[in-house]
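Trainee: Residue numbers (the working numbering), protein chains in the order written: chain L, 1 to 1059; chain F, 1 to 118. Submitted below is the structure of interest, expressed as structure tokens.
This is how it looks when you write it as structure tokens:
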């Protein structure tokens, strides 16, 4: 094994060698630089290999032929190997990336780059505090030089601001070091730790002196981590420096200084953990908030870098409870941050302008978009990346120690960060692309691709570690996820090939696993794995390659499949996040989806964080803790934690069912989505939330919080969602948005049924699960098909399409009969079970509300037929054809399904009915022969179908008979005498159709909730916009911030804590 | 003596920091920092000083055998040499920056270089 000191000697040697070259020998100089970096990387990688694969022991590297404390010693162990590899590899890739700039600036710049990275390795390796100071100063000087590589001449002032701050830091550090030496007689970090431990036992003058000395050293090192508020200088560097340098500054420098902080905490001991935690969490939350109003990409990345560093500092400060998991968590977060941030900075060098929206230039290059997605998923802590596993363990351990405020703050910061990162992704996909696409030269691309690949490799590694250390599953070994990721590799195939593979894959997966589900899960499995492919039939109409569609769709289906198969909380949560991300990408594909997709992902991730907290609390409160928390163990929870866990999980699940109050993302997300995506995200995705509620209520049942029956609260939420969802639907002019609002109402019914907590209520909820899938998918497809042909979704712009699009008409007609719950279709079965279910409960008011919602559904459903298919045909629509075959085909399948399900509902429901007996033995149905009997009456679907059919045919014949002499009036045999109206829709009778109802009930559908959430985000934005003015750009003010920071920490530690 | 050195050192540090925070002229700030650096160096040397001992040079005057009892602690002196060298480097870099900044805007007022903010 090569001695690790050669990392430093190689860099120094190469730098000296560069000095003796001639100025024009740039090619040679560059080759030497790259060779040195490659050598340094190889040495680190060799050591990492030795530690991980061969189990080598840590090595002390002595210098000057003595032993510590008389000489400086370096240490090479697993963390050092990983961190130096990170630093050197980042250096190597940045050097490759910087080719043009280094050629322009010559060998001196190359030497400074080598020294910068060498100094970082030195910080990581050294075990001597004064040596640490020397490497600090080397870093500072090299940084001061490298900032000038930038083409942005503002970098000059940024560099000077940095030097001012680094001068202050070195004053603090030196004074601290010399007094620490004075008190302990050693400069060796391990020696200092031992001596400090002994000295601090007493409460004498020496102990106080040592504390002061340590305070100065600690504050100096922490100041390099850019803590809030002493970090304006760093932001300016991030904004103005060359992106390749920012990559080093963010990934390698921050990591090295974090490790230095770790060494100091080793000296200072547990006394300093709370301080580190405090600095970390404040920096994490505030920096993320301040990043919100940013429009400059590099500055926003700077805020995010600072925040992530704060998060890792927090983890270091929590090591008293994290114990052996500290390294797993800290490195998981740190490496995610480092790889992603380096990658993003390298990417930013490919984009010409600095506005976030200018990143739309990436859009034409799927590889870069994929890399970007990888990076923001890593930063947001999404599966399957290390940050996800780290976040999971972190929150669980914090919950175990009851540090709930910390959890809340961490998740708040993470949510804000995910919010602005995904907003940025929305810009890339949706904003107008600049004339020139991203400029890609091979060497720049190399750096980005290596970072993205490293991200996935780390994801696999962390999954593996999580498996061996904590008993979690490695997500990158899960078959559904691998299947979905496979589509990324094969995205160059034509869409129809991918569609076939997708359908075959889902059906095959169902074939492999269908024996493993209980009846309840089987219903969800059928909807996802058979219902999904039926909807995918509609995707055959898409031509070309449809880049990005299949990875996203399959990711969602993979998440759904993993969700219903999950048995422990980890698997469940991972699946939940996967399906959330997949569906977000799907939703974002719609033409005007950008804002809706963003609000969807923010609500969903917010909900996911509540679920995470709920699971963490549950795992902490369960009687017999096990490494994995089985979902079934939710039933073991007891007061007082149980109802809180119930609330967290229920709200989390209801973000997906779009319960009223959490629904504002749904209309836009479902309405603006592509034709075949709307049924997927409505018919199938919404069921994930219901499934979660099923699991929750199955295990936890009724819970009381402050005397409130929580299921009763759910009952109210369900009833109000049903009422208001339906009300909002009737005032909608847009056919797809109408259907979307209707989903809110329908999900309200399902939640209501579940919350009834009796046998029939649950059966009804399941009936809704099935029915809603069928008819909402069908209606969305026909509305989408009509919109495709007419070019509009506004219903008043359509009319008379019945003769031109008869099949769409039939689908819509059958669909609305089913939705409205009139005989003879299966919707009636749902109603019948529903009426039976509510007869057994003793709640009245929500009942009345949900009754009221029923007729309102008629109002909007009626419009789908009346306005779209009946009435006068518009002139511009005369040549319209029926919707494309592939969009009609699934609709016809759904019509058949509805018919079958209407006649023999027992096919699916009797097994579930039987299954529900274990939860509610009372009140089941009797399924003997074709008739279904309850305590209150019977339902004979076949008879109803026959009677309904007879009545329909009789009326239909009668209509034909009386209409035989009717005279047809052509549309234009009347004459318009007026001028063309300014707003043509006002003259259309179907526009604002329910104006009178709006007068009466309009106050109920005022967008209060939208306004509320709007006010929340506005407040955050405005607040952040005001607060970031703290960084006024003046170097002297930044120095004052530093002084203020030092004073605050001093006050907290010595006066506030009272030592 | 050692207390005087140490006190002077701390006073110089404070003067330096005060000067750097109150002078808007970049050159004056740099000078202020060098004052503070000098103070730091003085403090380091002051900490290492031991009353009644001699310089840590092993020659005919001080034999290696009884050196431990007779010389002052050599470590702070070694440290201060390093610190001085580093201080020179940083000061040189700052001066180079000052030159460049002046070239760019023809002013040395730190408050004029606030293009990067928020």
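Glycine residues also receive a C-beta, built at the ideal position from the N, C-alpha and C atoms. Keep in mind that this is a model prediction, so the values were computed, not measured.
Under the rule that 16 or more other beta-carbon atoms within 10 Å means buried, what is residue 764/L, buried or exposed?
Mentor: Residue 764/L is buried by the Cβ-count criterion.
Trainee: Can you tell which of 41/F, 2/F, 22/F has its C-alpha closest to the C-alpha of residue 170/L?
Mentor: For the residues 41/F, 2/F, 22/F, the minimum Cα distance to residue 170/L belongs to 41/F.
Trainee: Chain L partners of residue 76/F, CB-CB under 8 angstroms?
Mentor: What residue 76/F touches in chain L: 178, 181.
Trainee: According to DSSP, residue 704/L sits in a beta bridge with which residue or residues?
Mentor: Beta-bridge pairing links residue 704/L to 709/L.
Trainee: I need the straight-line Cα distance from residue 665/L to residue 792/L, nearest angstrom please.
Mentor: Each residue's Cα considered, the two are about 21 angstroms apart.
Trainee: Exposed or buried, which one is residue 10/L when buried takes at least 16 other CB atoms within 10 Å?
Mentor: Buried is the call here.
Trainee: What in chain F is Cβ-close to residue 298/L, meaning under 7 angstroms?
Mentor: Within chain F, no residue comes near residue 298/L; the closest Cβ sits about 10 angstroms away, beyond 7 angstroms.
Trainee: Exposed or buried, which one is residue 165/L when buried takes at least 16 other CB atoms within 10 Å?
Mentor: Burial call: buried.
Trainee: Which residues in the same chain as residue 597/L place their Cβ atom closer than 7 angstroms to its Cβ, once the five residues preceding and following it in sequence are excluded?
Mentor: Excluding positions up to five away in sequence, the list reads 426, 584, 587, 588, 669.
Trainee: Can you name, in chain order, every residue of its own chain whose Cβ lies under 7 angstroms from the Cβ of residue 1042/L, other than the five neighbours on each side?
Mentor: Closer than 7 angstroms at Cβ, skipping near neighbours: 165, 168, 223, 230.
Trainee: Who are the neighbours of residue 18/F on chain L, taking C-beta pairs under 8 angstroms?
Mentor: The contacting residues do not exist; residue 18/F stays about 10 angstroms from chain L at best.
Trainee: If I measure Cβ to Cβ from residue 940/L and keep anything under 8 angstroms in the same chain, skipping five residues before and after, which residues do I get?
Mentor: These residues qualify, in order along the chain: 930, 931, 932.
Trainee: Can at least three beta-carbon pairs, one atom from the segment 562 to 576 of chain L and one from the segment 626 to 643 of chain L, be found at a separation below 8 angstroms?
Mentor: With a cut-off of 8 angstroms, the segment 626 to 643 of chain L and the segment 562 to 576 of chain L count as touching, because enough Cβ pairs lie within range.
Trainee: Taking any Cβ of chain F, which residues in the segment 1009 to 1039 of chain L have a Cβ under 7 angstroms from it, in chain order?
Mentor: The segment 1009 to 1039 of chain L vs chain F, Cβ under 7 angstroms: 1028, 1029, 1031, 1032, 1033, 1034, 1035, 1036, 1039.
Trainee: If you measure between the beta carbons of residue 533/L and residue 507/L, is that distance less than 8 angstroms?
Mentor: Taking 8 angstroms as the Cβ cut-off, residue 533/L and residue 507/L qualify as a contacting pair.
Trainee: For the 8 angstroms Cβ check, are there 3 or more pairs between the segment 401 to 421 of chain L and the segment 57 to 68 of chain L?
Mentor: They do not touch, by the three-pair rule.
Trainee: Using a beta-carbon distance cut-off of less than 7 angstroms, what residues from the segment 84 to 101 of chain F approach chain L?
Mentor: So the list reads 86, 89, 90, 93, 94, 97, 100, 101, given in the order they occur along the chain.
Trainee: Which whole runs of the alpha helix (DSSP H) in the segment 378 to 454 of chain L are 4 residues long or more, in chain order?
Mentor: Complete alpha helix (DSSP H) runs here, min 4: 386 to 400, 404 to 430.
Trainee: Looking at the structure shown, is residue 75/L part of a helix, part of a strand, or coil, going by DSSP?
Mentor: DSSP places residue 75/L in strand when its eight states are reduced to three.
Trainee: Within 8 angstroms, do at least three Cβ pairs link the segment 73 to 92 of chain L to the segment 109 to 119 of chain L?
Mentor: With the cut-off at 8 angstroms, the segment 109 to 119 of chain L and the segment 73 to 92 of chain L touch.
Trainee: Just to confirm the assignment, what range does the alpha helix (DSSP H) spanning residue 547/L have?
Mentor: Unbroken run through residue 547/L: none, as it is neither H nor E.
Trainee: Any idea if residue 1081/L is buried or exposed, counting beta-carbon neighbours within 10 angstroms, 16 or more meaning buried?
Mentor: Coverage of chain L is limited to positions 1 through 1059, which leaves residue 1081/L absent and any answer about it impossible.
Trainee: By the 10 Å Cβ neighbour count, where 16 or more other Cβ atoms means buried, how is residue 53/L classified, buried or exposed?
Mentor: With fewer than 16 Cβ atoms within 10 Å of its Cβ, residue 53/L is classed as exposed.
Trainee: Taking C-beta to C-beta, are residue 520/L and residue 912/L nearer than 8 angstroms?
Mentor: In contact: residue 520/L and residue 912/L (Cβ atoms closer than 8 angstroms).
Trainee: Alpha carbon to alpha carbon, how far is residue 602/L from residue 1019/L? Give it in angstroms, no decimals.
Mentor: Each residue's Cα considered, the two are about 16 angstroms apart.
Trainee: Just the Cα atoms here: how many angstroms apart are residue 525/L and residue 477/L?
Mentor: The alpha-carbon atoms of residue 525/L and residue 477/L are separated by roughly 21 angstroms.
Trainee: Within its chain, find whatever has a CB closer than 7 angstroms to the CB of residue 979/L; leave out the 5 residues flanking it on each side and keep chain order.
Mentor: Since pLDDT at residue 979/L reaches only 47, below the 50 mark, its modelled position is unreliable, and no value is offered.
Trainee: What are the boundary residues of the alpha helix (DSSP H) that includes residue 12/F?
Mentor: First-last of the alpha helix (DSSP H) with residue 12/F: 2 to 22.
Trainee: Run through chain F and tell me which residues come within less than 7 angstroms of residue 215/L, C-beta to C-beta.
Mentor: Those within 7 angstroms of residue 215/L in chain F number zero; the least Cβ separation is about 16 angstroms.
Trainee: Under 9 angstroms Cβ-Cβ, which residues of chain L neighbour residue 13/F?
Mentor: 171, 175, listed in chain order.
Trainee: Counting beta carbon pairs with one atom in the segment 851 to 862 of chain L and one in the segment 766 to 777 of chain L, are three or more of them shorter than 8 angstroms?
Mentor: Cβ pair count under 8 angstroms is below three, so no.
Trainee: So, for residue 846/L: in the same chain, excluding its five sequence neighbours on each side, which residues have a beta-carbon less than 6 angstroms away from its beta-carbon?
Mentor: Excluding residues within five positions, the ones whose Cβ falls inside 6 angstroms are 715, 716, 719.
Trainee: If contacts are defined as beta-carbon pairs under 8 angstroms, then residue 183/L and residue 209/L qualify, I think. What distance do you get, rounded to the angstrom?
Mentor: Confirmed, about 5 angstroms.
Trainee: Would you kindly report the start and end of the unbroken alpha helix (DSSP H) that includes residue 224/L?
Mentor: Neither: residue 224/L is in no alpha helix (DSSP H) and is coded neither H nor E.
Trainee: Taking the alpha carbon of residue 419/L as the point to measure from, which residue in 397/L, 380/L, 651/L has its own alpha carbon closest?
Mentor: Closest by alpha carbon: 380/L.
Trainee: Anything in chain L within Cβ reach of residue 107/F, meaning under 9 angstroms, just list it in chain order.
Mentor: None at all; the shortest Cβ gap to chain L is about 12 angstroms.
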